[in-house]
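As you go down the protein sequences, you meet chains A and B in turn. Positions 351 to 842 (my numbering) are the ones given, in order, by the first sequence. Positions 36 to 389 (my numbering) are the ones given, in order, by the second sequence.
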Amino acid sequence: MDTPQTYTIERSRLIEGLQAILPAKSVLYEPEDLRPYECDGLSAYRRLPMVVAMPDSVEQVQETMRLCDQLAIPVVARGAGTGLSGGALPHEHGLLLSLARFTEIVEIDPARRTARVQPGVRNLAISQAVDKFGLYYAPDPSSQIACTIGGNVAENSGGVHCLKYGLTVHNIQQLKVVMVDGECLTIGGAGLDAPGYDLLALMTGSEGMLGIIVEVTVRLLPKPERAQVILAAFDNVVKAGTAVGDVIAAGIIPAGLEMMDTLAIRAAEDFVHAGYPTDASAILLCELDGSNAEVSAQIMRVRDILNSAGATEVRTARDEAERLTFWKGRKAAFPAVGRISPDYYCMDGTIPRRRLPEVLEAISDLSRSYDLPVANVFHAGDGNLHPLILYDANKPGELERTEEFGGKILELCVAVGGTITGEHGVGMEKINQMCVQFASTELNQFHAVKDAFDPAGLLNPGKAVPTLHRCAEFGAMHVHRGELPFPDLERF
Amino acid sequence: MDTGDNTEKLESRVRSALRIGYPLCIRGGNTKAFYGRIPVGEPVDVRGHTGIVDYEPTELVITARSGTTLNEIEAALAAENQILPFDPPHFGEGATIGGTIACNLSGPRRAQAGAARDFILGCGLINGTGEVLRFGGQVMKNVAGYDVSRLMCGALGTLGVLLEMSLKVLPKPETEETMRLEATPVQALDRMKAWGRRALPVSATCQVNNSLYARLSGTGDAVAAARKQIGGESADQADAFWEALREHRLVELSNALPLWRLSVAPDSPPADLEGNWVYEWNGALRWLSADVPISQLREAAAAAGGHATLFRNSPDRDQVFHPLNGGLTKVHRRLKRAFDPAGIFNPGRMYPDL
Chain A
351 MDTPQTYTIE
361 RSRLIEGLQA
371 ILPAKSVLYE
381 PEDLRPYECD
391 GLSAYRRLPM
401 VVAMPDSVEQ
411 VQETMRLCDQ
421 LAIPVVARGA
431 GTGLSGGALP
441 HEHGLLLSLA
451 RFTEIVEIDP
461 ARRTARVQPG
471 VRNLAISQAV
481 DKFGLYYAPD
491 PSSQIACTIG
501 GNVAENSGGV
511 HCLKYGLTVH
521 NIQQLKVVMV
531 DGECLTIGGA
541 GLDAPGYDLL
551 ALMTGSEGML
561 GIIVEVTVRL
571 LPKPERAQVI
581 LAAFDNVVKA
591 GTAVGDVIAA
601 GIIPAGLEMM
611 DTLAIRAAED
621 FVHAGYPTDA
631 SAILLCELDG
641 SNAEVSAQIM
651 RVRDILNSAG
661 ATEVRTARDE
671 AERLTFWKGR
681 KAAFPAVGRI
691 SPDYYCMDGT
701 IPRRRLPEVL
711 EAISDLSRSY
721 DLPVANVFHA
731 GDGNLHPLIL
741 YDANKPGELE
751 RTEEFGGKIL
761 ELCVAVGGTI
771 TGEHGVGMEK
781 INQMCVQFAS
791 TELNQFHAVK
801 DAFDPAGLLN
811 PGKAVPTLHR
821 CAEFGAMHVH
831 RGELPFPDLE
841 RF
Chain B
36 MDTGDNTEKL
46 ESRVRSALRI
56 GYPLCIRGGN
66 TKAFYGRIPV
76 GEPVDVRGHT
86 GIVDYEPTEL
96 VITARSGTTL
106 NEIEAALAAE
116 NQILPFDPPH
126 FGEGATIGGT
136 IACNLSGPRR
146 AQAGAARDFI
156 LGCGLINGTG
166 EVLRFGGQVM
176 KNVAGYDVSR
186 LMCGALGTLG
196 VLLEMSLKVL
206 PKPETEETMR
216 LEATPVQALD
226 RMKAWGRRAL
236 PVSATCQVNN
246 SLYARLSGTG
256 DAVAAARKQI
266 GGESADQADA
276 FWEALREHRL
286 VELSNALPLW
296 RLSVAPDSPP
306 ADLEGNWVYE
316 WNGALRWLSA
326 DVPISQLREA
336 AAAAGGHATL
346 FRNSPDRDQV
356 FHPLNGGLTK
366 VHRRLKRAFD
376 PAGIFNPGRM
386 YPDL
């Protein structure tokens, strides 16, 4: 099957078949045309697809899927390619199905507070289009300028506001999905629930393994009357972590609750001059939103809580401009770190919040032993950690060391009762760590779910759920649950 | 020794059912026996599998075994001034968390806060080959693997025996006040639509008997400010009203007639069908107590973008849930086989062939 001859035959059959379905300009196969698709946001992994197809109608997607099903060609769906786990990494014998031409906002219904959009519509474009109705779409991943709603559904994307407003799965109500055999299913409906199994939830976060999303109906929220942000500085990260718990224990659910450590603070400050205290060990950004009355009352309480928790400084943004400046530093944290290091590797584990101090300590120990600096950016409200490992890909062996270090961080997250991915997905990147988080019986159950939708395994093969064979090679099955290499940690 | 952990016993029940080849009827407090198609199979009582395994208020997460009663969970949360935000109905004394999740039942607060499925973070279950599996976890954000935990919500036990679940909880609102306004269904739908466009802290709505009730939740100042915007008079004994609505004890809902549940687009006009109507969830949930032909209800719900369930007092328990089209039926059958290849769990409780 892998001989050059069969590859050539497969490829020309696919190209011919696609050219019968799509306009010539929508089928790419010359190496220079394929190059832009060789990786997604995880650029350390690159691979050229056999062919790229760019349909622009649901019927074309259906025809394309029927063709690939018939020819047994793997299909990898791609939106804007901003994903951080290699979920849209092409298959060398497969079709890269770009949904970039599906950019239409089909319908906005202000009365129902919904928008029906094509999958290639950018996340931020939805909020911009409904702004005139006083509405917005809540999930706001930091890539929201570029990332598409189809990709958001495939990854179940979050953002800084998900503690209060939820993830993608909480903010959509209907999907149109083309199955592997070309049939188009409508999942969900115009009400708040649908009969039968919750396929809407199953599709969300399924990383292109179960179907091709061709339309999304999102729920919209009225814009809050007021949003206000508090910046608090701490002289140690444990105190900052405790303060987060104190805010929540007081019965307050902030719209956003973010934490950054020294290295991240300094990098962000140098980059965007957000006015962060660069001598702090950690800062918290706590955003409160709602009615004027609600926000006023909560601001006072949160200030008191943060002061009692030992903050060295507590600042409330004076006006909207300063609020945006405070956030600008946080939102620019990744590129800011990119300025101080030739490369960085962004991790995405989630932990129970109370385990934060020991996890940060363990990360800092690992950082020393791998001799690679780490900047920590943390969705503190919901326990989602983004350690950024600083490295230089041009130094021999440094990428490999970084990946190994990253893998250890993820295993650490599992050891304290957390997960290897909070919002970036498993994709190609964390496939080995899936063997750590799940037992073989659980992985088999995932494979059975996949089989129910895609018996021939054509949709995004090799991603998201590892084969047991791969886990055996990774050698992780024997350390599943409780026997991980962190014997000094209290077991979950 | 942890006497509440019945995992091994439940596992061996599943294994022997597999060996002998008889179906199982998974049962908690048996408070929802009225719901769904007629239960068949040997009863498996999960009430012995009980206890709150973990509850850390500042993490906003509670983990409990499936046989734990809602009463026990709600009491533990109340002691920390927290709630199950989806506001589940009990429909009887011994209602368990397992049954609640299996039915994905949510109460009046659902329109604002979300449904049971929105708050599940992880679960343990026994699948149809007798394996004990865990999915999700105790953290808010987790996208490792398919979202099996949410798939269990509303699956009516047809995909596995739920062992335990972790749920996100929220602080109890500081202040709540319910306003009552006079309103026909059409007027009520208009008002609820208008409130939804402004960021008002409305946590529950109900139109019944020419009145529109709206509950406001939040800080004292926020509730006071919203009260002025909404108008009407402050309702007495509001907690009792919302509980009666949730538990179907309102006179409009508690009679011997068939009770229909219509889940539809919130702004769809009232259906032209005679009977007692009660509107909730800003119009997205409508109850009808009436003897109306099934086909008429199903057409009305479909026309409004939703679906109709024969919730109680069904004259025909064969057709409880809205029929699925061919494509969806195929996916349902395959998913059922993926979890329960021998078809031993609650066969036919949801649809005849699941």
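The C-beta atom is built at its ideal place from N, Cα and C for all residues, glycine as well. Fair warning: this is a prediction, and the values are worked out from it, not measured in the lab.
Range covered by the alpha helix (DSSP H) that runs through residue i
| i | result |
| --- | --- |
| residue 756 of chain A | 748-765 |
| residue 138 of chain B | 132-138 |
| residue 411 of chain A | 408-421 |
| residue 502 of chain A | 499-505 |
| residue 5 of chain B | What is shown of chain B runs 36 to 389, which leaves residue 5 of chain B out entirely. |
| residue 230 of chain B | 220-232 |
Chain B residues whose Cβ lies nearer than 7 Å to that of residue i
| i | result |
| --- | --- |
| residue 796 of chain A | 180, 181 |
| residue 574 of chain A | 234 |
| residue 595 of chain A | 93 |
Interface residues of chain A facing residue i [CB-CB closer than 8 Å]
| i | result |
| --- | --- |
| residue 254 of chain B | 643, 644, 647, 648 |
Proximity test, Cβ basis, 7 Å: residue i and chain B
| i | result |
| --- | --- |
| residue 601 of chain A | yes |
| residue 775 of chain A | yes |
| residue 734 of chain A | yes |
| residue 542 of chain A | yes |
| residue 655 of chain A | no |
| residue 604 of chain A | no |
| residue 568 of chain A | no |
| residue 771 of chain A | yes |
| residue 436 of chain A | no |
| residue 716 of chain A | no |
| residue 799 of chain A | yes |
| residue 706 of chain A | no |
| residue 598 of chain A | yes |
| residue 412 of chain A | no |
Terminal residues of the beta strand (DSSP E) in which residue i lies
| i | result |
| --- | --- |
| residue 277 of chain B | Here residue 277 of chain B belongs to no beta strand (DSSP E); instead the alpha helix (DSSP H) covers 273-281. |
| residue 203 of chain B | 196-203 |
| residue 739 of chain A | 734-741 |
| residue 212 of chain B | 210-217 |
| residue 396 of chain A | Premise fails: residue 396 of chain A is in no beta strand (DSSP E) and is neither H nor E. |
| residue 526 of chain A | 522-528 |
| residue 246 of chain B | 246-253 |
| residue 30 of chain B | The structure shown has nothing for residue 30 of chain B, since chain B only spans 36 to 389. |
9 Å Cβ cut-off: residues of chain A touching residue i
| i | result |
| --- | --- |
| residue 356 of chain B | 545, 546 |
| residue 173 of chain B | 702, 767, 768, 842 |
Neighbour list for residue i in chain A, Cβ cutoff strictly below 7 Å
| i | result |
| --- | --- |
| residue 166 of chain B | 791 |
| residue 302 of chain B | 461, 462 |
| residue 341 of chain B | 539, 540, 541 |
| residue 188 of chain B | 548 |
| residue 162 of chain B | 795 |
| residue 316 of chain B | 542 |
Interface flag, residue i vs chain A, CB-CB below 7 Å
| i | result |
| --- | --- |
| residue 269 of chain B | no |
| residue 177 of chain B | yes |
| residue 296 of chain B | no |
| residue 50 of chain B | no |
Chain-ordered chain B contacts of residue i [CB-CB under 8 Å]
| i | result |
| --- | --- |
| residue 802 of chain A | 366, 369, 370, 372, 373 |
Residue i: CB within 6 Å of a non-hydrogen atom of the ligand GTP
| i | result |
| --- | --- |
| residue 107 of chain B | This structure lacks the ligand GTP; in fact it carries no ligand of any kind. |
Which of the residues in the stretch 86-97 of chain B, read from start to end, lie with their CB under 8 Å from any CB of chain A? 91, 92, 93, 94, 95, 96
Listed in chain order, which residues of the stretch 506-533 of chain A have Cβ atoms closer than 8 Å to some Cβ of chain B? 506, 508, 512, 513, 516, 517, 519, 520, 529, 533
Please list, in chain order, the residues of the stretch 736-764 of chain A that have any C-beta partner in chain B closer than 8 Å. none
Within 7 Å of chain B by C-beta, residues of the stretch 546-559 of chain A in sequence order: 546, 547, 548, 549, 551, 552, 554, 555, 556
Anything in the stretch 661-676 of chain A with a Cβ closer than 7 Å to a Cβ of chain B? List those residues in chain order, please. none
Residues in the stretch 197-208 of chain B having any Cβ partner in chain A nearer than 8 Å: 205, 206, 207
Count Cβ pairs between the stretch 562-581 of chain A and the stretch 816-823 of chain A that sit closer than 8 Å; are there 3 or more? no
Under 7 Å, CB to CB, which of the residues in the stretch 217-228 of chain B have a partner in chain A? 228
Inspect the CB distances between the stretch 234-252 of chain B and the stretch 141-156 of chain B and report whether three or more fall short of 8 Å. yes
Taking 8 Å as the cut-off, does the stretch 723-741 of chain A touch the stretch 123-137 of chain B (at least 3 CB pairs, one atom from each stretch)? no
For the stretch 472-483 of chain A and the stretch 439-448 of chain A, state whether three or more C-beta atom pairs, one from each stretch, are separated by less than 8 Å. no
Touch check for the stretch 327-336 of chain B and the stretch 371-386 of chain B: three-plus C-beta pairs under 8 Å? no
Any residues in the stretch 126-148 of chain B with a beta carbon nearer than 9 Å to a beta carbon of chain A? Which ones, in chain order? 139, 141, 145, 146
Would you call the stretch 608-615 of chain A in contact with the stretch 624-641 of chain A, where contact means no fewer than 3 C-beta pairs closer than 8 Å? yes
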